[in-house]
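**Student:** Heads up, the sequence shown is in my numbering, so the first residue is 3 and it goes up one at a time.
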Amino acid sequence: DLALEMRRVEYAYRRDVALRGISLAVRAGEVVAVTGPSGCGKSTLLHCAAGILRPQGGAVSLVGRDLAELPEAERTRLRRTQAGVVLQFGQLVPDLSLMDNVALPLLLEGHDRDAARRAALGWLERVGVAGDAAAVPGELSGGQNQRAAVARALVTGPAIVFADEPTGSLDSHAGEQMMELLLASTRDGGAALMMVTHDNLIAAYADREIRLRDGVIQHEVALS
Ligand code: ADP
Ligand code: ADP
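1. Would you say Y15 and P57 are within 8 Å of each other, going by their C-beta atoms?
2. Could you tell me whether any non-hydrogen atom of ligand 1 is closer than 7 Å to the CB of S171?
3. To the nearest angstrom, how far is the alpha carbon of E178 from that of L203?
4. Could you give the residue range of the beta strand (DSSP E) that holds T54?
5. Is the beta carbon of A35 within less than 7 Å of some heavy atom of ligand 1?
6. Helix, strand or coil for V87, going by three-state DSSP, please let me know.
7. Output the distance between the C-alpha atoms of G53 and V87, rounded to the nearest integer angstrom.
8. Start and end of the beta strand (DSSP E) containing D258?
9. For L80, I'd like the list of residues in its chain whose CB is within less than 7 Å of its CB, leaving aside the five on either flank, ordered along the chain.
10. Contact between the region 173 to 193 and the region 93 to 105 is defined here as three or more beta-carbon pairs at a separation below 8 Å; is this criterion met?
11. Could you name the residues whose beta carbon sits closer than 5 Å to any heavy atom belonging to ligand 1, keeping them in chain order?
12. Quick check: the region 191 to 203 against the region 33 to 41, are there 3 or more CB pairs under 8 Å?
13. Leaving out the 5 sequence neighbours to the left and right, which residues in its chain are closer than 7 Å to L123 when beta-carbon positions are compared?
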């Protein structure tokens with residue numbers, strides 16, 4: 003059962019070739035860290051895997067479905083329902099309450115408002131910020147916003163969560179708590195986790211480390 007499969011994925015920006023043929027698979031429930039020096043292609047890999055960037059070469063499949071072979075509406079739907087995304091600074095909608103931010107992915111999928119809000123509140127409770135459900139992101143700390151971002155990533159019941167430097171904006175204690183939360187939440191939600199980090203302490207939480215160098219996989223190591 004594969005949550006994610008990438009085959010010979012290539013991605014180039016206007017001047018820089020960022021990925022030079024990346025092949026990997028993430029099994030259901032697996033926790034994978036993508037590591038390597040700055041500029042080696044970690045973020046680009048994550049964005050291609052999550053269907054945010056379209057690679058110029060190779061193929062990306064989520065839950066066994068090749069993104070390039072789906073009509074656009076289906077691809078968007080698959081991305082929204084099967085891939086949760088947590089970015090470095092939370093990336094919540096500033097004008098919406100935490101509750102509505104977390105409910106949003108369900109509303110976009112056509113769930114009714116009450117059901118979406120109930121599910122959102124359930125996830126806000128699990129990540130420990132239900133007391134702030136009515137607040138907007140600007141009223142809360144970075145850590146509280148990151149917690150809500152985790153809830154938003156999981157509310158649709160995705161097969162995999164993609165996290166880009168999830169602890170990057172937090173101090174080391176808050177960073178550890180965030181990792182514990184991400185691991186517990188993805189485990190609870192039955193999701194795999196692929197996270198990008200340059201921090202070896204964070205990478206140590208994974209089942210497997212995939213180390214990139216200059217757009218290729220330098221090596222893979224099974225951990226724990
Ligand atoms: P990492 O996440 O490991 O730091 P990135 O995926 O951000 O690496 O970057 C890989 C390469 O692609 C680097 O050479 C970087 O300069 C380049 N790059 C990243 N984003 C862009 C962009 N938006 N436009 C042009 N080049 C980019
Ligand atoms: P933009 O230039 O607007 O950022 P891109 O050309 O990078 O757009 O492509 C983003 C679009 O490509 C998204 O709509 C996304 O759903 C789709 N897409 C992402 N991954 C793939 C893929 N592997 N194959 C085909 N389409 C993809």
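Where a beta carbon is used, it is the ideal one built from N, C-alpha and C, also for glycine.
**Tutor:** To lay it out plainly:
1. Locating residue 15 in the sequence shown gives position 13, counting from the first residue. Locating residue 57 in the sequence shown gives position 55, counting from the first residue. No, they are not a contact pair.
2. Along the sequence shown, read from residue 1 onward, the residue named residue 171 stands at position 169. S171 Cβ: outside cutoff for every heavy atom of ligand 1.
3. As a position in the sequence shown, residue 178 is number 176, starting the count at 1. As a position in the sequence shown, residue 203 is number 201, starting the count at 1. Approximately 9 Å, taken between the alpha carbons.
4. The residue you call residue 54 lines up with position 52 of the sequence shown. Reading off the sequence, residue 54 comes out as Ile, not Thr. It is not in any beta strand (DSSP E) - I54 carries neither H nor E in the DSSP assignment.
5. Counting from one through the sequence shown, the residue named residue 35 turns up at place 33. No, the Cβ of A35 stays beyond 7 Å of every heavy atom of ligand 1.
6. For this step, residue 87 is matched to residue 85 along the sequence shown. Three-state result, V87: strand.
7. On the sequence shown, position 51 is the one that residue 53 refers to. On the sequence shown, position 85 is the one that residue 87 refers to. Straight-line Cα distance between these residues: approximately 10 Å.
8. The structure shown does not extend to residue 258, since the chain spans only 3 to 226, so no value can be given for it.
9. To locate residue 80, count along the sequence shown from 1; it is residue 78. Cβ within range, chain order: L64, R67, L72.
10. No, the region 173 to 193 does not touch the region 93 to 105.
11. Y15, D18, A20, S40, G41, C42, G43, K44, S45, T46
12. yes
13. For this step, residue 123 is matched to residue 121 along the sequence shown. Non-local beta-carbon contacts of L123 in its own chain, meaning distances under 7 Å to residues more than five positions away in sequence, involve M101, A132, A135 in chain order.
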